[in-house]
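Student:
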Amino acid sequence: MLDHCSISHKGGLVLWSRSFTPDAAHLASSSASPVNSLIREALIEGRTTEEQYEKDGYAVKWTFVNDLELIFVVAYQRILQLTYVNDLLAALKTLFIKYFEPFLTSLVASLHAVSTAKVAAAEITSWNFAKAFEGWDNVFDKLLKGLEDKAAQDRKARLRTVARPPLDEVTPPSDDQSTAPSLSSDDPHDEQQIARNVQALKNRLRGRGGRRGGGGRAASRIGIDSVPSSESESPAKTKIKTKAQRKWGDQPVTESEMASLDYSLDKHDGLNGSVGSHELQALVDQSSLGTRTRDGLYEVKDWEFSKVEEADEFIANALQPGGVKAAASSGSLGALGSLFARLTGSKVLTEQDLKPVLDGMKQHLMKKNVAKEIADKVCEGVGESLVGKKVGGFQTTNAAVRMALSTSLTRILTPKTSTDLLLSIRTKLSSPLPSSQQRMPYSITFVGVNGVGKSTNLSKVCFWLIQNGLRVLIAACDTFRSGAVEQLRVHVRNLSMLGVNGATDSKGRVELFERGYGKDAAAIAKEAIAYARDNDFDVVLIDTAGRMQDNEPLMRALAKLVSVNNPDKIIFVGEALVGNEAVDQLTKFDRALRDFSSASGSGKARGIDGMLVTKWDTVDDKVGAALSMTYVTGQPIIFVGCGQTYTDLRQLRVANVVQAILND
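Here this note's numbering is used: the first residue of the sequence shown is 15, the next is one more, and so on.
1) Where does L663 sit, in a helix, a strand or coil, going by DSSP?
2) Under the rule that 16 or more other beta-carbon atoms within 10 Å means buried, what is E589, buried or exposed?
3) By alpha-carbon positions, which one of M511, N580 and K574 ends up nearest to I543?
4) Put R306 into one of helix, strand or coil per three-state DSSP.
5) Alpha carbon to alpha carbon, what distance is there between R169 and V685?
6) Check the C-beta distance from V463 over to Q599 and give it rounded, since I have them as a contact under 8 Å.
7) Assign A590 to one of three DSSP states: helix, strand, or coil.
8) Based on the DSSP output, what are the partners of I458 in its beta bridges?
9) Is it buried or exposed for A273, if we count other Cβ within 10 angstroms and need 16 for buried?
10) Helix, strand or coil for K69, going by three-state DSSP, please let me know.
11) I'd like to confirm the pairing. Which residues does DSSP put opposite H18 in its beta bridges?
12) Report back the beta-carbon spacing between Y312 and N50 to the nearest angstrom; my notes put them in contact at under 8 Å.
13) Hey, quick one: how far does the alpha helix (DSSP H) through E271 stretch, first residue to last?
14) Measure the Cβ-Cβ separation of R608 and A619 and say whether it is below 8 Å.
15) Can you give me the C-alpha to C-alpha distance between Q451 and V637, rounded to a whole angstrom?
16) Find the nearest neighbour of A296 within the set Q95, Q207 and L509, judged by alpha-carbon distance.
17) For the segment 534-553 and the segment 501-508, state whether three or more C-beta atom pairs, one from each stretch, are separated by less than 8 Å.
18) From the DSSP output, in three-state form, read off S611 for me.
19) Give the single residue among D309, L379, D151 and K404 whose Cα lies nearest to the Cα of V392.
20) Are at least three pairs of beta-carbons, each pair with one atom in the segment 92-108 and one in the segment 156-171, less than 8 Å apart?
21) Assess, as a yes-or-no matter, whether the segment 557-568 is touched by the segment 523-530 under the definition of 3 or more beta carbon pairs within less than 8 Å.
22) Quick one: residues in its chain with C-beta nearer than 6 Å to the C-beta of D582, no 5 flanking neighbours on either side, listed in chain order?
23) I need the straight-line Cα distance from A123 to L436, nearest angstrom please.
24) Compare the C-alpha of L676 against each of E525, V553, A209 and P116 and name the closest.
25) Could you please give the first and the last residue of the uninterrupted beta strand (DSSP E) stretch that includes I622?
26) How should R561 be labelled, buried or exposed, when 16 other C-beta atoms within 10 angstroms of its C-beta is the threshold for buried?
27) In the DSSP output, which residue or residues are listed as bridge partners for A489?
28) Here's the rule I'm using: 16 or more other beta-carbon atoms within 10 Å means buried, otherwise exposed. How should M15 be labelled?
29) Excluding the 5 residues flanking R92 on each side, which residues of the same chain have their C-beta closer than 7 Å to its C-beta?
30) Can you list, in chain order, the residues of its chain whose CB lies under 7 Å from that of V28, leaving out five sequence neighbours each side?
31) Please report how far the alpha carbon of T305 lies from the alpha carbon of A146, in whole angstroms.
32) Residues in its own chain within less than 8 Å of L447 by CB, not counting five upstream and five downstream?
33) Which term fits V212, buried or exposed, when burial requires 16 or more other beta carbons within 10 angstroms of its beta carbon?
34) When you compare the CB positions of V371 and V415, do they come within less than 8 Å of one another, or not?
35) Could you tell me which residues DSSP puts in a beta bridge with I651?
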């Protein structure tokens, strides 16, 4: 096993260390320790260039990251043959930089500033490295355990290949060619048993031949007829299983037979049609439930970009043959770091200096699913902010370019309007009205192309509203797609059973308003809003049919629904999987709604007020669709859908999206 592992800067600052045995504590603390001897002889005095150092019974291996001036050191007892140390060092180097590259870049820049007396050394010593490298211990433990287990399995495999049978079981070869092996008496397969098996095989082949032909010839070709068979064995007759006839017509059908024919997943418990506890668990994921504020409001969780899954995937790949070398050979700083490495030296940046860097940055953004047009504009803005700026060494340039890109992304993603939908609803519901006027419900219209998940995510929003104590009416205005009304009816039934906080007490909190198929969607929405006003519903969620952005008749029909009913919010539902298509969809949807709604007679142009991005859990860190959608419309992303239960709804934070886009 290992005795010591540490990560430090060339200037002597220890970033992280771990000692595995009590006797190994002196490896980093004592001045005469092998680790300190390594630093003195190899790094300071330069007396050895090999990446292995031996002293006092210990073997010390190390590796460098020259770009960040980091040293990774592993020490263990020399008598132990640890074959995984090289793989461990390579994986440590790659993973540590993947996790903490932005922080490390800033740290190294600050250390350079200390060396030039621009920053006080106290500023560096006051940094909390334990918090900065939080979570690294767990990643290191997973990696070390995986490599140790892999080494143990390889060692056992080698021992099995080297092992030989005992000498008393080995029979020397005979020169007599007529010698034939004899059957052992304790062999479980005697001659009679073999004959019976062959006879059974012959009977099966003949049975097939009677039905399909050719069975006898096939048996004779393989020599079965020449094998003697036992007279005591008789061929077994094959029983053909027939399908049982189903009862039709006037024949009575029992209750048990009806239950056996019910293949639906939503079987109810009891006679009152209540949903069973097992079905409730399938509809609500307890791990993704939101939280309650002090005011009792239900808030959905924030989407967080976590590198833990990325680290687990890297460790799993590293345990494959050659996996660590392949991962380490991809470069310690990744694609963006290698781009910034072109800007070296203290100089004033020009357009010629930045052109190759910005081209590579554009490719990086496009790999993150950012539309090409948006990536061009982002890189253009970053270039304008950097041209004429004087930078120092590589680390200062790296930090400057990253900061410029991060600032540009943050500026685009920061919403210009409020994303607090619940506040907007409560503000309208609590606003004073004349005594002769009835309170109108808050209406939200969901629009988008076909198959993006409008109805499913509408039901998730409905669950969120119910949890906040609001009464919701769902208007089925998709009168074209077969099964659209039935789908909403199932959602309403499930949501009415779930209730608030998972308790079955929300009867009447959610209802479905539908008028069947083939009707005018604008008229149905108008009737639904009037019904909600008369029956004290707080919110009306209007589901619309999916349509392509180029279909002018359908876009005119959607604009008619908007102009007639004037909803409080128009939410565009789009997929996280689209790239350039997101720009085309949003641009044409927004333009068509504005043009056709203003031309319909109301005189007020209405566009998209916000976005809901679905299938967010399928893209990992390729979240560029959020950047593209926000850039095109200037409107915020209110929610993202990330699962198949009613609780799988998340809010986006700008910092998390920027981190995912910059992740290398």
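Note that the Cβ used here is the ideal one computed from N, Cα and C, for glycine as well.
Tutor: Judging by the given coordinates:
1) Numbered from its first residue, the sequence shown carries residue 663 at position 649. Strand, per DSSP.
2) What you label residue 589 is simply residue 575 of the sequence shown in a count that begins at 1. E589 is buried by the Cβ-count criterion.
3) Stepping through the sequence shown from its first residue, residue 543 is reached at position 529. The shortest C-alpha separation from I543 is found at N580.
4) Counting from 1 along the sequence shown, the entry for residue 306 is found at position 292. Three-state result, R306: strand.
5) Residue 685 lies beyond the stretch modelled for the chain, which goes from 15 to 678, so this question has no answer here.
6) Taking the sequence shown and counting its residues from 1, one reaches residue 463 at position 449. Taking the sequence shown and counting its residues from 1, one reaches residue 599 at position 585. The C-beta separation of V463 from Q599 comes to about 6 Å, placing the pair in contact by the 8 Å criterion.
7) For the purposes of this step, residue 590 is taken as the residue at position 576 of the sequence shown. In this structure, A590 counts as coil in the three-state DSSP scheme.
8) Along the sequence shown, one-based indexing puts residue 458 at 444. Answer is L555 and K583, bridged to I458.
9) Along the sequence shown, one-based indexing puts residue 273 at 259. So A273 ends up on the exposed side.
10) Translated into positions along the sequence shown, residue 69 becomes position 55. Residue state for K69 is assigned as strand, using DSSP reduced to three classes.
11) Within the sequence shown, residue 18 is the residue found at index 4, counting from 1. S33 and A89.
12) By one-based count along the sequence shown, residue 312 stands at place 298. By one-based count along the sequence shown, residue 50 stands at place 36. Actually they do not touch by this definition, with Cβ atoms about 56 Å apart.
13) Position 257 of the sequence shown, counted from the start, is the residue given in the question as residue 271. From DSSP, the alpha helix (DSSP H) with E271 extends over E269 to S274.
14) The residue given as residue 608 occupies position 594 in the sequence shown. The residue given as residue 619 occupies position 605 in the sequence shown. Yes, they are a contact pair.
15) The residue you call residue 451 lines up with position 437 of the sequence shown. The residue you call residue 637 lines up with position 623 of the sequence shown. A direct Cα-Cα distance of roughly 46 Å separates Q451 from V637.
16) Residue numbering aside, residue 296 sits at position 282 when the sequence shown is read from its first letter. That would be L509, whose Cα lies nearest to the Cα of A296.
17) By the C-beta criterion, the segment 534-553 is judged not to be in contact with the segment 501-508, since fewer than 3 inter-stretch pairs fall below 8 Å.
18) The sequence position of residue 611 within the sequence shown is 597, counting from 1. It is helical.
19) For the purposes of this step, residue 392 is taken as the residue at position 378 of the sequence shown. Comparing Cα-Cα distances from V392 to each of D309, L379, D151 and K404, the minimum goes to L379.
20) yes
21) no
22) Along the sequence shown, read from residue 1 onward, the residue named residue 582 stands at position 568. Y456 and S457, listed in sequence order.
23) For the purposes of this step, residue 123 is taken as the residue at position 109 of the sequence shown. For the purposes of this step, residue 436 is taken as the residue at position 422 of the sequence shown. The straight-line gap from Cα to Cα measures roughly 44 Å.
24) Residue 676 sits at position 662 when you count from the first residue of the sequence shown. Of E525, V553, A209 and P116, the residue nearest in Cα terms is P116.
25) As a working note, residue 622 is residue 608 in the sequence shown. No beta strand (DSSP E) contains I622, which DSSP labels as neither H nor E.
26) Counting from 1 along the sequence shown, the entry for residue 561 is found at position 547. Flag for R561 reads buried.
27) Here residue 489 is taken as the residue at index 475 of the sequence shown, counted from 1. DSSP, once it has assigned bridges, lists F527 and I556 as partnering A489.
28) Along the sequence shown, one-based indexing puts residue 15 at 1. Under this definition M15 is an exposed residue.
29) Taking the first residue of the sequence shown as 1, we reach residue 92 at position 78. Excluding sequence neighbours, R92 sits near E68, G71, Y72 and A73.
30) Position 14 of the sequence shown, counted from the first residue, corresponds to residue 28. Once the five neighbours on either side are set aside, the close Cβ partners of V28 are S20 and S22.
31) Your numbering for residue 305 matches position 291 in the sequence shown. Your numbering for residue 146 matches position 132 in the sequence shown. The straight-line gap from Cα to Cα measures roughly 27 Å.
32) The sequence position of residue 447 within the sequence shown is 433, counting from 1. Around L447: R453.
33) Here residue 212 is taken as the residue at index 198 of the sequence shown, counted from 1. Buried.
34) Taking the first residue of the sequence shown as position 1, residue 371 is located at position 357. Taking the first residue of the sequence shown as position 1, residue 415 is located at position 401. At a Cβ-Cβ threshold of 8 Å, V371 and V415 count as neighbours.
35) To locate residue 651, count along the sequence shown from 1; it is residue 637. The partner list for I651 (beta bridge, DSSP) reads M625.
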